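Residue numbering for the sequence shown is 1 to 434, as defined by this note's numbering.
Beta carbons: idealized from backbone N, C-alpha and C, even for Gly.
Model, not experiment: these values are computed from the prediction.
This report refers to the structure that appears directly beneath it.
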Amino acid sequence: MKTLSLTARISLLFALAASLVLLTTGFLLTHIVEAHFKEGDRHELNGKLELIQNLFKHANSQEALNRLPKQLDDALVGHHGLAVAVADASGNTWYAATGSGFLNFLLQDCQKKPAECTFGALREWEQAGASYRGMAVTIVAGNGDSFNVAIARDIHTHEIFMDTFRTLLAAAIALAALATAGLGWMATRWGLTPLRQVTETMSGISAEHLSDRLPIQGMPTELQPLATAFNAMLARLDDSFRRLSEFSSNIAHELRTPISNLMTQTQVALSSARDKNEYKEILYSSLEEYERMAQMVGDMLYLAQTDNGLLKPGMEKIDLAAETQSLFDYFEAWAEERSVALTLTGSATVHGDRMMLRRALSNLISNAIRHTPPVQKVHVTLSSQGDKAIVAIENPGPDVPAEHLPKLFDRFYRVDPSRQRKGDGAGLGLAIVK
Numbered sequence: 001m002k003t004l005s006l007t008a009r010i011s012l013l014f015a016l017a018a019s020l021v022l023l024t025t026g027f028l029l030t031h032i033v034e035a036h037f038k039e040g041d042r043h044e045l046n047g048k049l050e051l052i053q054n055l056f057k058h059a060n061s062q063e064a065l066n067r068l069p070k071q072l073d074d075a076l077v078g079h080h081g082l083a084v085a086v087a088d089a090s091g092n093t094w095y096a097a098t099g100s101g102f103l104n105f106l107l108q109d110c111q112k113k114p115a116e117c118t119f120g121a122l123r124e125w126e127q128a129g130a131s132y133r134g135m136a137v138t139i140v141a142g143n144g145d146s147f148n149v150a151i152a153r154d155i156h157t158h159e160i161f162m163d164t165f166r167t168l169l170a171a172a173i174a175l176a177a178l179a180t181a182g183l184g185w186m187a188t189r190w191g192l193t194p195l196r197q198v199t200e201t202m203s204g205i206s207a208e209h210l211s212d213r214l215p216i217q218g219m220p221t222e223l224q225p226l227a228t229a230f231n232a233m234l235a236r237l238d239d240s241f242r243r244l245s246e247f248s249s250n251i252a253h254e255l256r257t258p259i260s261n262l263m264t265q266t267q268v269a270l271s272s273a274r275d276k277n278e279y280k281e282i283l284y285s286s287l288e289e290y291e292r293m294a295q296m297v298g299d300m301l302y303l304a305q306t307d308n309g310l311l312k313p314g315m316e317k318i319d320l321a322a323e324t325q326s327l328f329d330y331f332e333a334w335a336e337e338r339s340v341a342l343t344l345t346g347s348a349t350v351h352g353d354r355m356m357l358r359r360a361l362s363n364l365i366s367n368a369i370r371h372t373p374p375v376q377k378v379h380v381t382l383s384s385q386g387d388k389a390i391v392a393i394e395n396p397g398p399d400v401p402a403e404h405l406p407k408l409f410d411r412f413y414r415v416d417p418s419r420q421r422k423g424d425g426a427g428l429g430l431a432i433v434k
């Protein structure tokens, strides 16, 4: 199933939001108009009832009552759709305007429940396919006689108006929703222009152009965190590619020298006939080169396994003082040969992988012995700080320039590239420690 584009989604959301607002507005408008018609009818019917009440109030004699039907007819002139019916206290119809027969049920209700016959008590009903709105009240004539008066009006014109109003309102809402969707699409397309520009810039960045960066200045605030994160990712990729390139170059360089030595020794050995001892000496020399390459390949494999999480370290309590002293015993002969003393102070314990920790300490101590001048010492200090153990290895020697310090733990990195004497190692020791 094809996923909708961001532009389409936002446009639909615009249309849905606008439709919801318009529907709510339409519902309120319809309710207001209906309430307006209802209140208008109530006001008109109340006005007519007050007029009729006033006429009856002034009828203080039978003669005056006899003139009331004519006065009521005159009062209803020009009020089309308005019906009036009057019944006496006995329930007999006393007056009925033309077409007012449908009001009999109101008069009967008023006769049965006089408490419900009050001004303003509006009622609505349908009869014979027509809709009406009316009310009934009890009034007292000037001579003391009681009469029930019912009045109503046909609201068919109101219903026609409301039907037309609802139809037009629905059409307006539909058109407004479509217009909002279109305008939302245009606004979204325009608003997402910076995002498309960022996408185009991203698509143009390849492994050969990892130094390129997205311009932050002038970019919308919402996209700046994305651009910043992308630039940071490019910086990491650029650094990783650079290190990988240097790593490949260093591997080739480190392997080229021993392989070249082996080829030269073999060519020299094959150039003329030699006795058994000479061949043995050449093979021993070749074996040393093989061992050096095997050690370098083993170190590289170890680094690759740790980088990819293939080595799962164990977890046990380790006495650092005991491990350090054990390594001192291991390096004692070599240190004496170089006239370097090994000293240890302090103690500390950690939880970790014993073999990994021993290898890291071994690389650091051997590196310190290698670079310590004769008749000097390598001093190891162990201490604890909170839940951390601190191992400090100190030895005299030439200072390392500040610009080299961040790269000391890089693979194959040497402060002095020319120092590749036999026995100096492949430059992977500190990388393994890290």
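- Put simply, the backbone Cα of Asn60 is about 14 Å away from that of Phe147.
- DSSP lists Thr349 as the bridge partner or partners of Asp319.
- The criterion of a C-beta distance shorter than 9 Å is not satisfied by Ser286 and Gln267.
- DSSP places Val33 in the helix class (H, G or I) of the three-state scheme.
- Between Ala348 and Ser384, the beta carbon gap of about 5 Å places them in contact (Cβ cut-off 8 Å).
- Beta-bridge partners of Thr343 (DSSP): His379.
- Nearest to Thr345 by alpha-carbon distance, out of Val21, Asp353 and Val378, is Val378.
- Residue nearest to Arg67 within the set Trp94, Pro396 and His80 is Trp94 (criterion: CA-CA distance).
- Within the segment 155-208, the complete alpha helix (DSSP H) runs of at least 4 residues fall at 156-191 and 193-203.
- Residue Ala130 holds the alpha-carbon nearest to the alpha-carbon of Gly99 among Lys113, Arg123 and Ala130.
- According to the DSSP assignment, Ala85 belongs to the beta strand (DSSP E) that extends over Leu82 to Asp88.
- Here the segment 37-44 makes no contact with the segment 197-216; the two share fewer than three CB pairs at distances below 8 Å.
- Counting every other CB atom within 10 Å of its CB across the protein chains shown gives Val77 a total below 16, marking it as exposed.
- For the 9 Å CB-CB criterion, Arg166 and Thr30 form a contact.
- Contact between Leu214 and Leu237 is ruled out by a C-beta separation of about 14 Å, above the 8 Å threshold.
- Contact between Leu327 and Val391 is ruled out by a C-beta separation of about 12 Å, above the 8 Å threshold.
- Taking a C-beta distance under 9 Å as the contact criterion, Cys110 and Ala87 qualify as a contact pair.
- Residue pairing by DSSP puts Ser384 in a beta bridge opposite Ala389.
- For Gly134, the secondary structure class from DSSP, reduced to helix, strand or coil, is strand.
- The shortest C-alpha to C-alpha distance from Glu291 to any of His80, Ile318, Ile259 and Arg274 is the one to Ile259.
- For Glu63, the enclosing alpha helix (DSSP H) begins and ends at Gln62 to Ala75.
- At the C-beta level, Thr7 and Thr157 stay beyond 9 Å of one another.
- For Gln127, the enclosing beta strand (DSSP E) begins and ends at Arg123 to Gln127.
- By alpha-carbon distance to Ala136, the top candidate from Leu16, Gln53, Glu336 and Ser206 is Gln53.
- In chain order, Asp212 place their CB closer than 6 Å to the CB of Ile205, counting only its own chain and leaving out the 5 sequence neighbours on each side.
- Considering only Phe27, Ala121 and Ala179, the residue with the shortest C-alpha distance to Leu12 is Ala179.
- The beta carbon of Val375 sits closer than 6 Å to those of Ser339, all from its chain and outside the five residues before and after it, given in chain order.
- Cβ contact annotation for Ile282 (same chain, cutoff 6 Å, sequence separation greater than five): Gln265 and Ala269, in chain order.
- Selection Thr24, Val140 and Lys113 evaluated against His58 yields Val140 as nearest (Cα-Cα).
- With 16 or more other Cβ atoms inside 10 Å of its own Cβ, Lys48 counts as buried.
- Bridge partners of Arg153 according to DSSP: Leu82 and Arg133.
- When secondary structure is reduced to three states using DSSP, Ile216 falls in the coil class, being assigned neither helix nor strand.
- Here the alpha carbon of Glu34 sits roughly 24 Å from the alpha carbon of Val84.
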